[in-house]
Amino acid sequence: MSDRPERAGWTPPLRRRRRSDWATQTPTWREARPALIADALKRASARRSGNWFVVGASRDVRAGGRPYGRTVGGVEVVLWRSDTGAVHAGPGACPHLGAPLRDSRVVCGTLVCHWHGLTLDGGSFAGWDPYPVHDDGVLVWVRLDAVGGEEPLERPMVPERPAAGIGVDAVFTTVGRCEPQDVVANRLDPWHGSWFHPYSFVDLTVARPPTAEDDTFVVDVSFRVTGRLVVPVRAEFTAPGPRTVVMRITEGEGSSSVVETHATPLTREAEQRPRTAVVEVVVAASDRRGFALARAAAPVLRPLMRRTAGRLWRDDLAYAERRWALRSTGRFPG
Ligand code: FES
Ligand SMILES: [Fe+2]
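So this is what it looks like as structure tokens:
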């Protein structure tokens, strides 16, 4: 007896699509109203982050060896993992004479400054005070109250993901010359999908745009696998925080898979030449049997997933950087 009754309605994930031309698809610009995107961005920006910022992938903060360094909102941060696996974070300058702690070494879970050997075990020492840090298993977050300026929250709002062990995750990071809101605005315009990224998406329609009551974009789209082979899905886009947009596949192949886009400011607010890190998490899940094999192949799949995200993000960063360039010179339409 099958324990998978839903397999009666099983359909192969790949569909063959009629050939069509990029230029003959339906234009989306009338639906992609600038005011609608601006309103969605305004609602997202008003949400709380509790001063938590994504600093990178959990697997980038390794045990032993080198610490991990990042500048967030103009604040230098150093992170390292102790022998027990706990992550520590704090100011990136040594409290003795300011050495860059990202270049120091981790010895037996303790940070040892490479200039004169001062050691930090993660607790306050000589004016060096740790920052609250959270490792959600995929990403590491740091709470910077001076940068966020909000009422702090005990924990970051980590988006719901497929259960550990079910999904294959990959984290992709890139940096653009723009502010976090330009990255978020790009993600809150799903209409550009099959026009701007025809190599990845076809037949994109926004089934339901967001409203103040239900702030979710419902999008029907097909992922292009090869020329005419596509995987149709329904996806929902939400912005659970001011710097995060989540896409969740709700119907079709890979249902429950998520793509989280986190925009972390590297420079101070109102900086003339802002820089923003885009940290994108893909957690691909599927209940298909073949996916057990995919999980076993995760180390091989990760770079592949990163490469796909990399191509999309080259174009999306160009969009975000262009938006910033226009905004900063008073040339943004509207
Ligand atoms: S600067 Fe770090 S120990 Fe002197
Ligand atoms: Fe895009």
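In the working numbering, the protein residues as written are 130 to 463.
Even glycine gets a Cβ: it sits at the ideal position worked out from N, Cα and C.
When secondary structure is reduced to three states using DSSP, Tyr-448 falls in the helix class.
The bridge partners DSSP lists for Leu-208 are Tyr-197 and Ala-218. Not one heavy atom of ligand 1 falls within 6 angstroms of the beta-carbon of His-391. Boundaries of the beta strand (DSSP E) harbouring Ile-378: 373-381, taken from the DSSP string. A straight-line Cα-Cα distance of about 10 angstroms links Leu-249 and Ala-255. For Gly-277 and Gln-401, the gap between their C-alpha atoms comes out near 19 angstroms. Ligand 1 never approaches Leu-240 closely enough for any of its heavy atoms to be under 6 angstroms from the residue's Cβ.
The continuous beta strand (DSSP E) containing Phe-301 extends over residues 297-305. Cα atoms of Gly-202 and Thr-367: separation of roughly 24 angstroms, rounded to the nearest angstrom. Annotated three-state conformation of Gly-459 is coil, per DSSP. Taking the CA atoms as reference points, Ser-149 sits about 10 angstroms from Val-331.
Here Trp-442 is buried: its Cβ has 16 or more other Cβ atoms, across all protein chains shown, within 10 Å. In terms of side-chain proximity, the C-beta atom of Ala-222 is found no nearer than 6 angstroms to any non-hydrogen atom of ligand 1.
Between Val-362 and Arg-353, the C-beta spacing is not below 7 angstroms.
Between the alpha carbons of Gly-252 and Cys-237 lies a gap of roughly 15 angstroms.
If only complete runs of 4 or more residues are kept, the region 318-349 shows the alpha helix (DSSP H) at 322-325, in order along the chain. Distances from the CB of Asp-264 to the heavy atoms of ligand 2 are all 6 angstroms or more.
Around the CB of Asp-274, fewer than 16 other CB atoms lie within 10 Å, so the residue is classed as exposed.
Sorting Thr-458, Val-412 and Ala-364 by C-alpha distance to the C-alpha of Ala-299 places Val-412 at the top. The Cβ atoms of Arg-424 and Val-267 lie no closer than 7 angstroms to each other. Linking Leu-317 to Pro-224 through their CA atoms gives a straight-line distance of about 42 angstroms. Taking every protein chain shown into account, the CB of Asp-311 has 16 or more other CB atoms within 10 angstroms, so this residue is buried. Distance check between Thr-302 and each of Ser-384, Asp-189, Arg-162 and Arg-284 places Asp-189 closest, using alpha-carbon atoms only. One alpha carbon belongs to Pro-163, the other to Pro-338, and they sit about 13 angstroms apart. In terms of Cβ geometry, Pro-285 and His-321 do not form a close pair [threshold 7 angstroms]. 7 angstroms or more divides the Cβ of Val-183 from the Cβ of Trp-257. Residue pairing from DSSP places Val-241 in a beta bridge opposite Arg-234 and Thr-248. By the neighbour-count criterion, in which a residue is buried when 16 or more other Cβ atoms sit within 10 angstroms of its Cβ, Asp-445 is buried. At a Cβ-Cβ threshold of 7 angstroms, Arg-234 and Pro-309 do not count as neighbours.
With a contact defined as Cβ atoms closer than 8 angstroms, Val-387 and Pro-288 qualify at about 6 angstroms. Excluding the 5 residues flanking it on each side, Asn-315 has same chain C-beta neighbours closer than 6 angstroms at Asp-445, Tyr-448 and Ala-449, in chain order. Comparing C-alpha distances from Ser-174 to each of Trp-324, Ile-295 and Val-313 shows the shortest one belongs to Val-313. Here Gly-370 is bridged, per DSSP, to Thr-373. By the neighbour-count criterion, in which a residue is buried when 16 or more other Cβ atoms sit within 10 angstroms of its Cβ, His-245 is exposed.
According to the DSSP assignment, Val-184 belongs to the beta strand (DSSP E) that extends over 181-186.
For Ala-414, the closest C-alpha among the options Arg-436, Gly-383, Gly-221 and Thr-405 is that of Gly-383.
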